[in-house]
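Number of protein chains: 4
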Amino acid sequence: MAGSVNKVILIGNLGKDPEIRTFGNGGKVANFSIATSESWRDKQSGEKREKTEWHNIAVFGEGLVGVIERYVKKGSKLYIEGKLQTRKWQDRDGNDKYTTEVVLQGPGTTLTMLDSAGGQGGGGRMGGGGSQGGGYNQDRGGYGNMDQGGGSRSASTMEGPKGDFDLDDDIPF
Amino acid sequence: MAGSVNKVILIGNLGKDPEIRTFGNGGKVANFSIATSESWRDKQSGEKREKTEWHNIAVFGEGLVGVIERYVKKGSKLYIEGKLQTRKWQDRDGNDKYTTEVVLQGPGTTLTMLDSAGGQGGGGRMGGGGSQGGGYNQDRGGYGNMDQGGGSRSASTMEGPKGDFDLDDDIPF
Amino acid sequence: MAGSVNKVILIGNLGKDPEIRTFGNGGKVANFSIATSESWRDKQSGEKREKTEWHNIAVFGEGLVGVIERYVKKGSKLYIEGKLQTRKWQDRDGNDKYTTEVVLQGPGTTLTMLDSAGGQGGGGRMGGGGSQGGGYNQDRGGYGNMDQGGGSRSASTMEGPKGDFDLDDDIPF
Amino acid sequence: MAGSVNKVILIGNLGKDPEIRTFGNGGKVANFSIATSESWRDKQSGEKREKTEWHNIAVFGEGLVGVIERYVKKGSKLYIEGKLQTRKWQDRDGNDKYTTEVVLQGPGTTLTMLDSAGGQGGGGRMGGGGSQGGGYNQDRGGYGNMDQGGGSRSASTMEGPKGDFDLDDDIPF
DNA sequence: TTTT
DNA sequence: TTTT
Numbered sequence: 001m002a003g004s005v006n007k008v009i010l011i012g013n014l015g016k017d018p019e020i021r022t023f024g025n026g027g028k029v030a031n032f033s034i035a036t037s038e039s040w041r042d043k044q045s046g047e048k049r050e051k052t053e054w055h056n057i058a059v060f061g062e063g064l065v066g067v068i069e070r071y072v073k074k075g076s077k078l079y080i081e082g083k084l085q086t087r088k089w090q091d092r093d094g095n096d097k098y099t100t101e102v103v104l105q106g107p108g109t110t111l112t113m114l115d116s117a118g119g120q121g122g123g124g125r126m127g128g129g130g131s132q133g134g135g136y137n138q139d140r141g142g143y144g145n146m147d148q149g150g151g152s153r154s155a156s157t158m159e160g161p162k163g164d165f166d167l168d169d170d171i172p173f
Numbered sequence: 001m002a003g004s005v006n007k008v009i010l011i012g013n014l015g016k017d018p019e020i021r022t023f024g025n026g027g028k029v030a031n032f033s034i035a036t037s038e039s040w041r042d043k044q045s046g047e048k049r050e051k052t053e054w055h056n057i058a059v060f061g062e063g064l065v066g067v068i069e070r071y072v073k074k075g076s077k078l079y080i081e082g083k084l085q086t087r088k089w090q091d092r093d094g095n096d097k098y099t100t101e102v103v104l105q106g107p108g109t110t111l112t113m114l115d116s117a118g119g120q121g122g123g124g125r126m127g128g129g130g131s132q133g134g135g136y137n138q139d140r141g142g143y144g145n146m147d148q149g150g151g152s153r154s155a156s157t158m159e160g161p162k163g164d165f166d167l168d169d170d171i172p173f
Numbered sequence: 001m002a003g004s005v006n007k008v009i010l011i012g013n014l015g016k017d018p019e020i021r022t023f024g025n026g027g028k029v030a031n032f033s034i035a036t037s038e039s040w041r042d043k044q045s046g047e048k049r050e051k052t053e054w055h056n057i058a059v060f061g062e063g064l065v066g067v068i069e070r071y072v073k074k075g076s077k078l079y080i081e082g083k084l085q086t087r088k089w090q091d092r093d094g095n096d097k098y099t100t101e102v103v104l105q106g107p108g109t110t111l112t113m114l115d116s117a118g119g120q121g122g123g124g125r126m127g128g129g130g131s132q133g134g135g136y137n138q139d140r141g142g143y144g145n146m147d148q149g150g151g152s153r154s155a156s157t158m159e160g161p162k163g164d165f166d167l168d169d170d171i172p173f
Numbered sequence: 001m002a003g004s005v006n007k008v009i010l011i012g013n014l015g016k017d018p019e020i021r022t023f024g025n026g027g028k029v030a031n032f033s034i035a036t037s038e039s040w041r042d043k044q045s046g047e048k049r050e051k052t053e054w055h056n057i058a059v060f061g062e063g064l065v066g067v068i069e070r071y072v073k074k075g076s077k078l079y080i081e082g083k084l085q086t087r088k089w090q091d092r093d094g095n096d097k098y099t100t101e102v103v104l105q106g107p108g109t110t111l112t113m114l115d116s117a118g119g120q121g122g123g124g125r126m127g128g129g130g131s132q133g134g135g136y137n138q139d140r141g142g143y144g145n146m147d148q149g150g151g152s153r154s155a156s157t158m159e160g161p162k163g164d165f166d167l168d169d170d171i172p173f
């Protein structure tokens, strides 16, 4: 459908170190979750309340994943611009499960580090497009041992050495 | 946590008419899903591919829900600005299930109708704050027959007659 | 026009301390500018280039301005969600001048502090609505000595003691 | 500065047909303005008020400009994701002037057509990066007859025939 | 200058 | 599981 927009903007901190996985074709994913929270004053009781929300993030592509591998860790504060995606998988008993993630892959998706402290700086933006994950319907809610989307050049095509933003190269520190 | 942001921006069309439910306290929810899609050209095959994503939307509060009741239907194109929320519920077998939704409730959440044709117009923005849903852990993934969050005035407090944007009133048609 | 959106999202640092002004009616504005920058690699030369952009921010309303007065200063890093507005004014020679600003006033506008260091914390969101600035066409590009928009209660109505987010009160520190 | 974000999201209609210009190097710009408006109820008088804001848009790059040339015209409704930029120029009397525009150039900038009627569809996203405008300080507030930023390949590199989103090609109508 |  |  032309004329649609799917955008998620989050600022929050990682609860744990990211997990990095490599596909058969050399592509990479980084998975982690970040917390956002909001607070408000309850109308009835007048008490302050707070609620924390955890978001699952999946980042594809060597470049951005490389940045994450090196600079993002438990506690890091990130600005994330991705898209909402739900994927279906089966648990070991064959039950259908659905996981909704914020995916950084392809145009219009970004990640910026917001820590002012030591390991800060960095950031990167996905290259011009690249193969989409298509369908990764695997067990246990993970991305299994599948090839990611297309063939062996997909990830590197996305933000390889000819990319406009040579992520591995452009990180200013 | 101060310093976090949780924002989802979607433009898409409804797959079906919205479902409206009323809570014991008089509050209302509208539930519906909207589709976004993206297309790209596959690197290997050179073929065009397209993928549609469905997003579950939950809108709380009389005012906005009133707008939806009257003007939003299957096929309507909407601009939505909400927040990501995952809630846990149990199916009839007692299994834990998780549903991630785009929630419109409280400040910074909006809905705008983008159809230029007939039933168009409208739009509205959530009032200044209001009670948060807190926890609505019910069966079957629905919002059941619970009170929503706080007490009996929560929904109407959110955007009631004293609200700055009297939604029921300000819709310019 | 129903069906329009005007939203600016910025993350950047203040170049100088904010300037706070009070209107005749007791309303307040905070003015400051924040820098964003982007870097890229030049296609021809292969050199890295960087460009910094300065954005003029105007925040209206006692609550948010109070937060700024107390916690925001030169160097602070902010997340800002506002709207684009251009106002016309005359310089001392009577020439028409135009200034485009990112305005935080009314629904859907927010400010969050992103500094992890000392003077951090805070944040706030504009209340449910409130009078709009309407027209403040004054000399020297400033907001002069005019009343802001409506009458004497406009600013306080916007996020006064009855507001859902009593900003002066809810800042968690 | 790493860690900054500069993003503008607009939905509105064009007041006039776009103006397309070609640079010496073959690059192209499309300039047009779109209106957004907001309405609110005045606190004092209780009257409805409305205010329209006009935004200057500048789109660089053959691909997107080609889409605009063919499908965007007076009255079209667009979703735009760009960045805020202010440029300085001199009028014929040598006076400094500043123009703030929403620029679509490089990663993270997009345009989607939202008209449901006849000439609808389309959309496109800027490629991976590309030369930045750098400085185009010319008279009359226009982009004059300068080369745009880099050399003759900048625009086509940005979203040329090898681009992931072959804009000229992918428009589904 | 648009649109509703 | 983070952060304040």
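In order, the protein sequences belong to chains B, F, E and A. Heads up: the first sequence is residues 1 to 173, going by the UniProt record's numbering. Heads up: the second sequence is residues 1 to 173, going by the UniProt record's numbering. Heads up: the third sequence is residues 1 to 173, going by the UniProt record's numbering. Heads up: the fourth sequence is residues 1 to 173, going by the UniProt record's numbering. Where a beta carbon is used, it is the ideal one built from N, C-alpha and C, also for glycine.
Cα separation between residue 49/A and residue 4/E?
16 Å
Residues from the region 82 to 112 of chain A in contact with chain B, defined by Cβ distance under 7 Å
107, 108, 110 and 112
Return the CA-CA distance between residue 85/B and residue 100/F, expressed in angstroms with no decimal places.
10 Å
With DSSP run on the structure shown, which of helix, strand or coil describes residue 5/A?
strand
Using a Cβ-Cβ cut-off of 8 Å (strictly less than) and excluding sequence neighbours within five positions of residue 54/E, which residues of its own chain qualify?
Within the same chain, residue 54/E has close Cβ partners 15, 33, 34 and 35.
Check the Cβ-Cβ distances between residue 28/E and every residue of chain A, and say whether any is below 8 Å.
no
Could you name the residues that DSSP lists as bridge partners for residue 56/B?
When DSSP reads this structure, residue 56/B sits in a beta bridge with 33/B.
Based on Cα-Cα distance, which residue from 98/E, 67/E and 60/E lies nearest to residue 25/E?
60/E
Pull up the CB-CB distance for residue 83/A and residue 8/A, whole angstroms please, since I reckon it's below 8 Å.
6 Å
Going along the chain, which unbroken runs of the beta strand (DSSP E) with 3 or more residues stay wholly within the region 38 to 93 of chain A?
You should have 48 to 60 and 77 to 90.
Name the chain A residues whose beta carbon is nearer than 8 Å to that of residue 47/E?
What residue 47/E touches in chain A: nothing, since even the nearest Cβ is about 11 Å away.
Going by DSSP, what residues sit across from residue 12/E in a beta bridge?
78/E
In this structure, what does DSSP give as the bridge partners for residue 104/E?
Residue 104/E is bridged to 59/E.
Please name the residue in 12/A, 45/A and 27/A whose C-alpha comes closest to that of residue 174/A.
It is not possible to answer for residue 174/A, since the shown part of chain A is limited to 1 through 173.
For the region 60 to 76 of chain F, which residues have a CB atom closer than 7 Å to at least one CB atom of chain E, in sequence order?
none
The region 70 to 84 of chain E touching the region 102 to 112 of chain E, judged by at least three CB pairs closer than 8 Å:
yes
Would you say residue 3/B reaches chain A, if we count a Cβ-Cβ gap shorter than 8 Å as a contact?
yes
In the DSSP output, what is residue 96/F paired with across the bridge?
DSSP output for residue 96/F lists 90/F as bridge partner(s).
Chain A contacts from the region 4 to 21 of chain E (Cβ-Cβ distance under 9 Å):
Under the 9 Å Cβ criterion, the region 4 to 21 of chain E contributes 4, 5, 6, 7, 8, 9, 10, 11, 12 and 13.
Just the Cα atoms here: how many angstroms apart are residue 10/B and residue 98/B?
Taking the straight line joining both Cα atoms gives about 21 Å.
Nearest residue (CA-CA) to residue 91/E, options 87/A, 96/A, 89/A and 92/A:
The shortest CA-to-CA distance from residue 91/E to any of 87/A, 96/A, 89/A and 92/A is the one to 96/A.
Could you confirm whether any beta carbon from chain E is found closer than 8 Å to the beta carbon of residue 37/A?
So, interface residue.
Apply the 10 Å Cβ neighbour rule to residue 70/E and answer buried if 16 or more other Cβ atoms are within range, or exposed otherwise.
exposed
Would you say residue 125/E lies against chain F (beta-carbon separation less than 8 Å)?
yes
Return the CA-CA distance between residue 45/B and residue 22/F, expressed in angstroms with no decimal places.
Going by C-alpha positions, residue 45/B is about 23 Å away from residue 22/F.
In the DSSP assignment, what are the bridge partners of residue 112/F?
79/F
What does the alpha-carbon distance come out to for the pair residue 57/E and residue 57/F?
33 Å
Let me make sure I understand the geometry here. Which of 88/F, 102/F and 27/F has the alpha-carbon closest to that of residue 174/F?
Outside the displayed span of chain F (1 to 173) sits residue 174/F, for which this structure offers no information.
How would you call residue 115/E, buried or exposed, if buried means at least 16 neighbouring beta carbons within 10 angstroms?
buried
Quick one: residues in its chain with C-beta nearer than 7 Å to the C-beta of residue 42/A, no 5 flanking neighbours on either side, listed in chain order?
49
How about residue 31/B and residue 47/B: are their beta carbons less than 8 Å apart?
Using a Cβ distance threshold of 8 Å, residue 31/B and residue 47/B do not count as a contacting pair.
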